[in-house]
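Protein chains in written order, with the working numbering: chain A, 296 to 637; chain B, 11 to 402.
Glycine residues also receive a C-beta, built at the ideal position from the N, C-alpha and C atoms.
Computed from a prediction, not measured in an experiment: that's the story for all the values here.
To start, the structure itself, in structure tokens.
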Amino acid sequence: MINKNKFLLALPVAVAFGASISSAQAAILEDVESRGNLNCGVNVGLSGFSSTDENGNWQGLDVETCRAVAAAVFNDPDKVVFTPLTAKERFTALQSGEIDVLSRNTTWTATRDNSLGLNFTTTTFYDGQGFMLDKSLGIENLEDLNGASICIQSGTTHELNLADYFPSRNIEINTVTFDTPDQTAQGFASGRCDVLTSDTSQLSALRLQLPDPESVVILDSLISKEPLGPVVRQGDDQWFDIVKWTIFAMINAEELGVTSDNVDEMKNNPPNPQVARLLGVDGNYGEQLGLSNDWAYNLIKHVGNYGEVFKHTVGEDSPLNINRGMNALWNEGGILYAPPIR
Amino acid sequence: MLRSSSRARGPLWRNPAVRALVFQAILLLALVALVAMIVFNTMANLEARGITTGFGFLNERAGFSIPQTLIDYSGNSTYARTFIVGLLNTLLVSVMGIVAATIIGFAVGISRLSTNWLLAKLAAVYVETFRNIPLLVQILFWYFAVLQALPSPRQSLAVFDIFFINVRGLVMPDPQPLPGFEAVLWALLLAVGMVALLVLYARRRQARTGKALPMYWLGAALIIGLPLLVFLATGMPLEWSIPEMAGFNFRGGVTIIPELMALWLALSIYTAAFIAEIVRSGIQSVPHGQVEAARSLSLPGNITLRKVVIPQAMRVIVPQLTSQYLNLIKNSSLATAIGYPDLVAVFAGTALNQTGQAIEIVAMTMAVYLVISLVVSALMNIYNARTLLKER
């Protein structure tokens, strides 16, 4: 609770008294460098995206994105301080300057991008809102959910999608709102509701927390587009570019076959000009961002390319076992497509 | 004479009255300047950060649903309506909590002074247990440990097959008034008016003759009897919607959601522990000689308590009771921990998150709690003025 009040009030206090905000805002990179670490907002606990292991280390796709930014800036992926945020706290924390980048499975929408003083960098995970329910109910279509109670996390796009989807189809549902993913899953497990709704990736993660993951089924129907990606404050184009191109570098690395294992070899002996440009052998693409020219080499060396990160956080090497689907590269049947480095 | 006239003609800054005025004016100016600086700085910073401001969002479509609404509400309603829904839910649980906490608190407080050893000790255990456990923990206990452990709707605990208790709350029959039911309500209103007049008459009669009327019986007979007679005479214009299990949930009837029950239980039981102590201290503040005097007049025990002790104790009780009521209202914002849709959860939570207009929404929410608290204080002060010792 204290945590929440802190963030609820952080913005009014910051904008009311923060005379120096605009000057501090102009150069987040300088702030980060002088502070010696990146402040990154992540989910309070969502396995595959951001959760802590038994040693208290953060792990997941969203966490690796922050580590990649830190590696690009500091050549050290561990110079990140993670701040766990609920859905309700996340934007205020970013607006008030508590964090430098919000990497918390956040859906890119018009309102969020245009009216909150924030900028979405790019998409790191293409998702959609799905539904999970008990297998024994024998339900396959959303039309059969008439009268059902649906557990949902407050402050999400899912709340809005539900109110768009069901009333227009004359299906009556009861929503039950919780604050965190854990509480929502607990509500579902205790039978407070029949159905749990969220991004399908989240459902795959929450399913693993249930006493018996095999007793539930995730329906095939999706009711929304949920492009998830990191968010930065508006007004600092350099920082915006750094976060955006960090992700592009990871995607380009996968496309060019550069992995954390072969990156040294590739740098010493670039197989083609694209790889030479990516790894800073040729050109000054790092300096254009205000970083060193081996920024992409550093982040690939420490964190890996997009495919590697996907595989061990949410993909086949993880308990979630989500297949690449839409999140495969554009030339492998997906829609992942990064602009070229040149 | 000489000194005072010389002071009057002396320099202005030596005049204490003028000096006091000047200092107050400077303080006021400084305060106004500070507020103005905060407002302008806020506006400038919001503008610089590209954050939308203003109250225009109140007329926009909210686009999310709320589990418990006392008025009509859907995803197509506006944020202004979200605000009202949240406010009403806050008021609902606050009023329910204040009524229950007062009843339990007075009962426990009086029990603590009982000559019955077991009763007094039980009351002491109650007070020491519930006032020493944090309220948030109690709310979570009632919600997760008690109410979420209830069976699923299909295995509901049924009482007479019309009340059903399950993990989704308490489902009970819902009265549906038919045309003609208004007459019953009018009869009830009439009965209340008659009782009020009767009370006045009984007081005067007692003052004149010393004889008391059996007011409890007369009052109860009027308030229950008259509407009942009208109800029967108009052919019982009321239908009951009986809950029935259909598909996922119960159809028909009215459901009290477990979030409301958990919050209500926790708030009432927690605050009652404090009220019990206030009542005990209030009663103990009445000098023992008062009770002895009442006994020597051979007044019965309950009359001694009601007519001699409690009225004098109220002078001590009421101001502290006001603080407890205000605490309860503000504590109801802990609702957000278990998802009860109160003002803080739906308006300062979801609506804030969907619109991003933190300053407007936080300011509105703070203003609401301020207004509610001031109104409650004002009402309690009026009541306190009436219970004050009338010095003759």
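Check A:V536 in the structure and name its three-state DSSP category.
Note that residue 536 of chain A is Asp in the sequence shown here, rather than Val. Three-state result, A:D536: helix.
Quick test of your reading: A:V570 and A:L551, contact by CB under 8 angstroms. State the CB separation rounded to the nearest angstrom.
Cβ atoms of A:V570 and A:L551 come within 8 angstroms of each other, at about 5 angstroms.
Step through the CB atoms of chain A and report whether any lies within less than 8 angstroms of the CB of B:P351.
Yes, B:P351 counts as interfacial toward chain A.
For the alpha helix (DSSP H) containing B:M225, name the first residue and the last one.
It spans 225-243 - the alpha helix (DSSP H) in which B:M225 sits, taken as one unbroken run.
Alpha-carbon spacing of A:L341 relative to B:S342, whole angstroms:
Going from the Cα of A:L341 to the Cα of B:S342 covers about 29 angstroms.
For the stretch 363-381 of chain A against the stretch 429-439 of chain A, are there 3 or more C-beta pairs whose distance is under 8 angstroms?
The stretch 363-381 of chain A, when compared against the stretch 429-439 of chain A, does not touch it at the 8 angstroms Cβ threshold.
Residues within the stretch 462-476 of chain A neighbouring chain B, beta-carbon criterion of under 9 angstroms
Answer in chain order: P462, I468, N469, T470, V471, T472, F473, D474.
Nearest neighbour of B:W227, chosen from B:A243, B:L208, B:L242, B:L145 [CA to CA]:
Residue nearest to B:W227 within the set B:A243, B:L208, B:L242, B:L145 is B:L208 (criterion: CA-CA distance).
Distance between beta carbons of A:S519 and A:T418, contact taken as under 8 angstroms
That belief does not hold up - the Cβ atoms of A:T418 and A:S519 are roughly 14 angstroms apart, past 8 angstroms.
Counting only Cβ pairs nearer than 7 angstroms, list the residues of chain B close to A:A322.
Under the 7 angstroms cutoff, chain B gives no residues; its nearest Cβ is about 15 angstroms from A:A322.
Would the stretch 281-291 of chain B and the stretch 96-113 of chain B be scored as touching if the rule is three or more Cβ pairs under 8 angstroms?
With the rule of 3 Cβ pairs closer than 8 angstroms, the stretch 281-291 of chain B counts as touching the stretch 96-113 of chain B.
Assign B:K131 to one of two classes, buried (16 or more other C-beta atoms within 10 Å of its C-beta) or exposed (fewer than that).
With fewer than 16 other CB atoms across the displayed protein chains lying within 10 angstroms of its CB, B:K131 is exposed.
Given this structure, state the Cα-to-Cα distance separating B:P351 from B:T219, to the nearest angstrom.
Cα-Cα distance, rounded: 55 angstroms.
Answer with yes or no whether the minimum CB distance from A:I316 to chain B is below 8 angstroms.
Low confidence applies here, because A:I316 scores a pLDDT of 45, under 50, leaving its location unreliable; read the following figure in that light. By this cut-off, A:I316 is an interface position.
From which residue to which residue does the beta strand (DSSP E) around B:A256 run?
254-256 is the extent of the beta strand (DSSP E) around B:A256.
Determine, for A:K539, whether the minimum Cβ-Cβ distance to residues of chain B falls below 8 angstroms.
Using a Cβ-Cβ cut-off of 8 angstroms, A:K539 does not count as an interface residue toward chain B, since no Cβ of chain B sits closer than that to its own.
Report yes or no: is there a C-beta of chain B within less than 8 angstroms of the C-beta of A:N441?
So yes, A:N441 belongs to the interface.
Select from B:P26, B:L22, B:I94 the residue whose C-alpha is nearest the C-alpha of B:M374.
The shortest C-alpha to C-alpha distance from B:M374 to any of B:P26, B:L22, B:I94 is the one to B:I94.
Less than 8 angstroms between CB atoms is the rule here; does A:L503 satisfy it with respect to chain B?
No, its Cβ sits nowhere closer than 8 angstroms to a Cβ of chain B.
Hey, does A:E454 have any beta-carbon neighbour from chain B nearer than 8 angstroms?
Interface residue, yes.
Do B:V296 and B:Q6 count as a contact pair if the criterion is CB distance below 8 angstroms?
Examination of residue 6 of chain B is not possible in this model, given that chain B is present from 11 through 402 alone.
So is A:K383 in contact with chain B if we call contact Cβ pairs under 8 angstroms?
Judged by the 8 angstroms Cβ criterion, A:K383 is in contact with chain B.
Could you tell me if B:E287 is buried or exposed, where buried requires 16 or more neighbouring beta carbons within 10 angstroms of its beta carbon?
Per the 10 Å Cβ criterion, buried.
Tell me whether B:L236 is buried or exposed, calling it buried when 16 or more other Cβ atoms sit within 10 Å of its Cβ.
Buried is the call here.
B:L248 beta carbon less than 8 angstroms from that of B:L188
For the 8 angstroms CB-CB criterion, B:L188 and B:L248 form a contact.
What is the DSSP secondary structure of A:S449, counted as helix, strand or coil?
Here A:S449 sits in coil by DSSP.
At 4 residues or longer, and completely inside the stretch 138-163 of chain B: list those alpha helix (DSSP H) runs for me, N to C.
Counting whole runs of 4 or more residues, the stretch 138-163 of chain B contains the alpha helix (DSSP H) stretches 145-150.
Beta-carbon proximity of A:V553 to A:N600, cut-off 8 angstroms
Going by C-beta atoms, A:V553 is nearer than 8 angstroms to A:N600.
Mapping the DSSP letters down to three states, classify A:N441 as helix, strand or coil.
A:N441: coil per DSSP, three-state reduction.
What are the complete beta strand (DSSP E) segments, minimum 3 residues, inside the stretch 349-396 of chain A?
List check, beta strand (DSSP E) in window: 375-380.
May I ask which residues mark the beginning and end of the alpha helix (DSSP H) holding B:T375?
Annotation: the continuous alpha helix (DSSP H) that includes B:T375 extends over 368-397.
Among A:E509, A:T472, A:V526, which residue has its Cα nearest to the Cα of A:L411?
Distances from the alpha-carbon of A:L411 to those of A:E509, A:T472, A:V526 put A:V526 closest.
Can you tell me whether A:S493 is buried or exposed? The criterion is at least 16 other CB atoms within 10 Å of its CB, across all chains shown.
Buried, because 16 or more other Cβ atoms sit within 10 Å of the Cβ of A:S493.
Look up A:F426 in the DSSP assignment and give the residues it is bridged to.
In DSSP, A:F426 forms a bridge with A:T492.
Range of the contiguous beta strand (DSSP E) that encloses B:M182
179-182 is the extent of the beta strand (DSSP E) around B:M182.
Rounded Cβ spacing between A:I636 and A:L573 (contact assumed at less than 8 angstroms)
Contact between A:I636 and A:L573 holds, since their C-beta atoms are separated by about 5 angstroms, short of 8 angstroms.
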